[in-house]
Amino acid sequence: MLGRVAHSIFWMYRYLERAENTARLLAAGQRMTLTRGSDMAVEEWRSVLTTLGLRAAYEDNYDDYQSAHVCDFVLRSKDNPESVLSMLERARTNARISRSAITTEVWEAINEGWMSICDQLARPVRETNLNQVLGAIRRESTLARGATHGSMLRGEAYHFARLGTFLERADNVARILDVKYYLLLPSLSYVGTALDTTQWDNVLRSLSAERAFQWLNSGRMDSRSIADFLIFDDSFPRSLAYSYTALREALAELAQLHGEEGSACEEMRLADLRLTGKSVEDIFDQGLHQFLLEFINSNQSLAKAITEDYRFVA
Amino acid sequence: MTSSDPTNFDEMHTPDGGVREAYEGYDGWLGEQDGRWMRSKASEAESFFRKTGITFNVYGDEDAEERLIPFDMVPRIITGNEWRRLSKGIEQRVRALNAFMHDLYHRQEIIRSGRLPERLFRNNAAWLPEMVGFTPPGGVYTHIVGIDLVRTGPDEFMVLEDNARTPSGVSYMLENRETMMAMFPELFSKVKVRPVSDYPRRLAKSLAACAPEGAGPNPTIAVMTPGIFNSAYFEHAFLADQMGAQLVEGSDLQIIDGKVQMRTTVGFKPIDVIYRRIDDEYLDPLTFSPDSMLGVPGIMDVYRAGNITIANAPGTGVADDKAIYSFMPEIVEFYTGEKPLLPNVETYRCADPDSLKYVLDNLAELVVKEVHGSGGYGMLIGPTSSHREIAKFRAKLEADPENYIAQPTLSLSTCPIFTRAGLAPRHVDLRPFVLSSPNGIDITPGGLTRVALKKGSLVVNSSQGGGTKDSWVLDD
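If you're matching them up, the sequences are chains F and D in order.
The opening residue of the first sequence carries number -19 in this note's numbering; numbering runs sequentially from there.
The opening residue of the second sequence carries number 19 in this note's numbering; numbering runs sequentially from there.
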């Protein structure tokens, strides 16, 4: 397939994943503001904006942290080139560019999703509708992913789709964890307080992990288990380990198709060393924040290697 | 039900309200449908098209929504017999066009014989000196042609325009049928219609047959697009997808080892046939427009070395010129030795002083067109223009008569469209799509019917308020 088209597929899935994760983050933030006092709400929205890398841009436009302002800015503001609306628009543009490499099902899922979200975001979202809109954004992403899973040939296009999805996911999850990492540090003073469990619960919710975590831990909740789960549990599809497994597989499939390994495979092996054979204690010893920073950096190197290996640009 | 305006030929209804043979099956089905249900279907069609993404962009307006070309759900129907006659005429015309192109770029017999004035192509920017003496692979110039036909009576079909450059609209022919079949499946079990859905396969086969000699048994075909901002991008992607071909842009291509190669994920891979949807002048910045970002530097050298097929061949745009059009009856006769089966619309060449005088005296009754114009722009429709518009046009015409031709205002046939108030007749034309290869000429039964949605309007172009219809050739 053309390098330019592979590039578009890769980014189309990155944007879809990013839009979905952003919606999830907003939903968790909104919940937090409803259950806690207003100081906590400001704190929460600030951390959401930091996670999304939008804090400075937001503060240029607003001098408060009202939910309505934050949500409007993140979802649809014309002053925010990284709004969910523009992510979905870019996903669709990339889908148009790669139209002849994706199936009609995938194209229609993305195109219809885009049309419906455009409608819903045509005006500022009222608080009563927020959950509905955020749900719709996640649903459109889910539909596109389902169509991809159900209709695409397991060829190059599919593997590039997975690379984009899981590279973005690994990056987003690591950023969410990094903004909240201090909550996950094993610190005696917080353990067992009501504040703590709500904050933990919120971290899990922002990754749609709350139910899965409860199933596996039968109701217990502590920072070590949460960090262990979100980093190492490779049965949870949003853990860092799971994303790495998916990336490794997609790269191996491409190497097999092309009959050669590129530099991305080597980057992948290096990145793997950060997780393989490690325990959550090792990571706490090294420093969780440090670990996450390095993780995010190695994701960037991996993306760069993929871009070069597969001739995404001339 | 509806009687038609007796001054026009209506393709469905006779002046006394009866139904013509072609529409008997459809009319029988329509009579059984509930009016309210049919109205609900009309809005369903639009969402169908939006979903597919068959939209076009409007240039120069970034915030404008993508537009849909309106679709009318009453099919335009032609009987098998009518089609057989039509397709003979089309085939003859396309054969002549191809021979004409070859001659224009070689010995120019038609000019030597005095049948065509030399100035017609000497002054024509679409005529490319780079093509002189060169024969494209397989001897094919006009790989894909759209012949615009109009009708004025039961047996009176005539050619309004030849589109030998890069005819567009075939995706509408295909999607209109898909939409009709999705909306009215039972209609198709009642009326047997010849399928059009294999057009992309026929196109791929026809293009493959035109590959350069060294290409091997499975030539690599690519569709070349100017990119997603082009108004016909949907069609480019659609055809590439359906043909299983790569959709390339100029930036994907490079000349390596004397071949045109595309940048794939595993390195550069050669292409044998390019179905380009960019104009000649943008093809090769080394040969034509030097500031073109869309083309491939050096592609014309590869072409002239016989290592790539470009469809349509550069320089075929000469045939779209309306002054050349006026000579098509002579051209057909010159190259086929036969009388043309499909007539032209009577055409006055304003370059000719007698004709010019006639045209100037009768502007209010005539349609005047620029010879290089297209899309319904730059023309005068006398009967519907004001005195001021006519006066303004008269000045343009007198200043540069060679740039114009004129035609009588035809009483174009009508076909009903669906309106809230029931069926209403509107003017239509028909663009069949014709493929040429060394294996012969292949015409997909039907084509694109364009319809002027405004009452009384004769302009069917989508840029000016026209719509489209599914076009049926009955399997009878």
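Just so it is clear, CB atoms sit at the ideal spot from N, CA and C, and this is done for glycine as well.
| Asked | Found |
| --- | --- |
| In chain order, each alpha helix (DSSP H) run of at least 4 residues that lies wholly inside the stretch 27 to 72 of chain F | 35 to 41 and 47 to 55 |
| Contact residues within the stretch 221 to 248 of chain D, judged by C-beta distance below 7 angstroms to chain F | I246 |
| Distance between beta carbons of G333 (chain D) and W145 (chain D), contact taken as under 8 angstroms | 6 angstroms |
| Cutoff 7 angstroms: E88 (chain F) Cβ touching any chain D Cβ | yes |
| Inter-residue CB distance, T160 (chain D) and S454 (chain D) (contact presumed, cutoff 8 angstroms) | 6 angstroms |
| Strand pairing of C433 (chain D), partner residues [DSSP] | D:R444 |
| Residue burial classification, V293 (chain F) (beta-carbon count within 10 angstroms, cutoff 16) | exposed |
| Proximity below 7 angstroms, CB of T2 (chain F) to CB of V50 (chain F) | no |
| Proximity test, Cβ basis, 7 angstroms: A140 (chain D) and chain F | This sequence places Arg at residue 140 (chain D); Ala is not what is there. Chain F contact via Cβ: absent. |
| F152 (chain D) and R322 (chain D) closer than 7 angstroms at C-beta | yes |
| Option nearest V177 (chain D) by Cα separation, candidates D:M119, D:V112, D:Y293 and D:G187 | D:V112 |
| Chain F contact for V284 (chain D) (CB, 7 angstroms cutoff) | yes |
| For A192 (chain F) and S224 (chain D), the rounded distance between their alpha carbons | 56 angstroms |
| Candidates F:D213, F:C98 and F:Y138, of which the one nearest T256 (chain F) by Cα | F:D213 |
| Interface flag, E92 (chain F) vs chain D, CB-CB below 7 angstroms | yes |
| R218 (chain F) versus L273 (chain F) - alpha carbon distance | 18 angstroms |
| Local Cβ density within 10 Å of M311 (chain D), reported as buried at 16 or more and exposed below that | exposed |
| C-beta atoms of I292 (chain D) and I246 (chain D) nearer than 7 angstroms | no |
| Residue span of the alpha helix (DSSP H) that contains R103 (chain D), given as start and end | G98 to L122 |
| Distance between P154 (chain D) and K410 (chain D) (C-alpha atoms, nearest Å) | 44 angstroms |
| Distance between S58 (chain D) and P495 (chain D) (C-alpha atoms, nearest Å) | Chain D is shown only over 19 to 494; residue 495 (chain D) falls outside these bounds and no answer can be derived. |
| 7 angstroms Cβ cutoff, H322 (chain D) in contact with chain F | His is not the amino acid found at residue 322 (chain D); the sequence shown has Arg there. With 7 angstroms as the cut-off, R322 (chain D) does not count as an interface residue toward chain F. |
| Per DSSP, cross-strand counterpart(s) of H31 (chain D) | D:V37 |
| Nearest to R381 (chain F) (by Cα), restricted to the options D:M30, D:L221, D:E148 and D:N248 | The structure shown has nothing for residue 381 (chain F), since chain F only spans -19 to 294. |
| Alpha-carbon to alpha-carbon, A71 (chain F) and R326 (chain F) | In the structure as shown, chain F begins at -19 and stops at 294. Residue 326 (chain F) is therefore absent and cannot be evaluated. |
| In chain order, each beta strand (DSSP E) run of at least 3 residues that lies wholly inside the stretch 125 to 171 of chain D | 162 to 171 |
| Residue-level contact to chain D via CB, S281 (chain F), 7 angstroms cutoff | no |
| Strand pairing of E179 (chain D), partner residues [DSSP] | D:D166 |
| Classification of L168 (chain F) by the beta-carbon crowding that lies within 10 angstroms, buried from 16 upward | Residue placement at L168 (chain F) is flagged as unreliable, the pLDDT there being 47, under the threshold of 50; a coordinate-derived value is accordingly withheld. |
| Residue from D:G465, D:P426 and D:I162 whose Cα sits closest to the Cα of L476 (chain D) | D:P426 |
| Identity of the residues DSSP links to K487 (chain D) by a beta bridge | D:D90 and D:T467 |
| Beta bridge counterpart(s) of P426 (chain D) as assigned by DSSP | D:L384 |
| Close-in-space but distant-in-sequence residues of the same chain around T432 (chain D) (CB under 8 angstroms, 5 per side omitted) | S22, D23, N26, F27, D28, E29, P443, R444, H445 and V446 |
| Assumed close pair G362 (chain D), Y376 (chain D) - CB separation to whole angstroms, cut-off 8 angstroms | A small fix is needed here, since residue 362 (chain D) is Asn in this sequence, not Gly. Wrong, their Cβ atoms sit about 17 angstroms apart, outside the cutoff. |
| Distance CB(T110 (chain F))-CB(R56 (chain F)) smaller than 7 angstroms | It is worth fixing the name first, because residue 110 (chain F) is Leu in this sequence and not Thr. Result no, Cβ atoms of L110 (chain F) and R56 (chain F) do not sit closer than 7 angstroms. |
| K277 (chain D) at chain F interface by Cβ criterion, 7 angstroms | no |
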